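The structure under discussion appears below in the form of structure tokens.
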Amino acid sequence: MLAPLTLKNNVIRIFLDCKRKQKKPAKCSITAVKMIMGYKKRKRQILDITADMLWNIARHYRHIESLLNSQHYNVHAIAPHLNQWFTVYGINTELRAAHFIAQACVETANFSRLTEVPRDGGREYDAGTRIGRNLGNTEVGDGPKFIGRGLLHLTGRENYTNFGSQFEKDYVTDPTIVARNPYVAVKAACYYWDLRHVNAAADRDDVNKVTLLVNGGYNGLEERKGALIRAKREFGII
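Listed below in structure tokens is the structure:
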């Protein structure tokens, strides 16, 4: 595709030549010229996500060796799967990818863990609680069983059930696979991102709305904003 300046100059030149020769003005519109030149406006495609990119976006636990090792393992484990599932779910611009990775970075404590560590062990999500009911938890023990897992912390019986139904898999019997298997951890996050239509908010660069859709609230909003700035820098957006 021609560079914007070259394209603009050629469009103007062809348009003026067309007018000068008085060739059917109706067929000499800018739209027609663009079609003749094979120009089609489209959003930029992102580069392949690499482990180094994720590492650069994360904050590092340099004084806690176990967490640092987990970060190192996870960024290498999930990067290839991000490229696969980003393609499937249309997370296909630098801005969309930056928002997704910024959210994932905070949800996973800078990629150090793929399982949520809730304050009360997940009992705050039990069936008898308001949050539990909203998450579709209906049985005793559902709260701890269906805590957040994966890059965006898929949470609640209903979400695990629907995720499994989408791919004809059972993630209810053993939901821990969503955290233990990096492929599933990424797939679950991209599925949920699409389910909540987060791309639209990312396209508007609305980090508040993206956070609300992903988190259900604004927990760690300032951290998410910071991670987004780092992601944008890594992708060359700013």
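Per numbering that gives the first Met the number 0, the very first residue in the sequence shown carries number 0; after that it's consecutive. Backbone N, C-alpha and C define an ideal beta-carbon position, used for all residues, glycine too. Please read these numbers as outputs of a predicted model, since none were measured by experiment.
Does the separation of the CB atoms of residue i and residue j fall below 7 Å?
i, j, result
"L134", "T160", "no"
"I100", "I56", "yes"
"A178", "R156", "no"
"G127", "G142", "no"
"R95", "A199", "no"
"A50", "H75", "yes"
"T210", "L220", "yes"
"I236", "E138", "no"
"K224", "V206", "yes"
Taking C-alpha atoms, which residue in the options lies nearest to residue i?
i, options, result
"I77", "R132, E64, V185 and W192", "V185"
"F145", "I236, E115 and V87", "E115"
"T175", "N198, D204, H196 and L113", "L113"
"W84", "N68, E64 and I48", "I48"
"L46", "Y217, N82 and K208", "N82"
Under 7 Å Cβ to Cβ from residue i, same chain only, skipping five residues before and after it: list those, please.
i, result
"Y182", "H80"
"L151", "Q102, A103, E106, A188, Y191, W192 and V213"
"G163", "D169, Y170 and V171"
"A230", "I56, A97, I100 and A101"
"Q70", "A57, H59, Y60, N109, F110 and S111"
"D204", "L94"
"E123", "P117, I130 and G142"
"A226", "I56, A101, C104 and V105"
"Y88", "C189, W192 and D193"
Ends of the alpha helix (DSSP H) at residue i?
i, result
"K231", "L220 to E233"
"L94", "E93 to E106"
"A57", "It is not in any alpha helix (DSSP H) - A57 carries neither H nor E in the DSSP assignment."
"N82", "E64 to V87"
"S164", "R156 to F166"
"A126", "Counting along the chain, A126 falls outside any alpha helix (DSSP H), and DSSP gives it neither H nor E."
"Y191", "P181 to L194"
"L212", "V206 to N214"
"D47", "Premise fails: D47 is in no alpha helix (DSSP H) and is neither H nor E."
"D141", "D141 to K144"
"V197", "V197 to D202"
Taking 8 Å as the limit between beta carbons, can you name the residues of its chain near residue i, skipping five residues before and five after?
i, result
"R61", "L67"
"Q165", "Y190"
"A31", "Residue confidence for A31 is low, a pLDDT of 40 falling below 50, so the modelled location carries little weight and cannot support an answer."
Going along the chain, which residues of its own chain have a beta-carbon closer than 6 Å to the beta-carbon of residue i, five neighbours each way excluded?
i, result
"M52", "E233"
"D125", "G131 and G142"
Kindly confirm or deny that the segment 106-125 and the segment 46-64 touch, where touching means at least three C-beta pairs closer than 8 Å. yes
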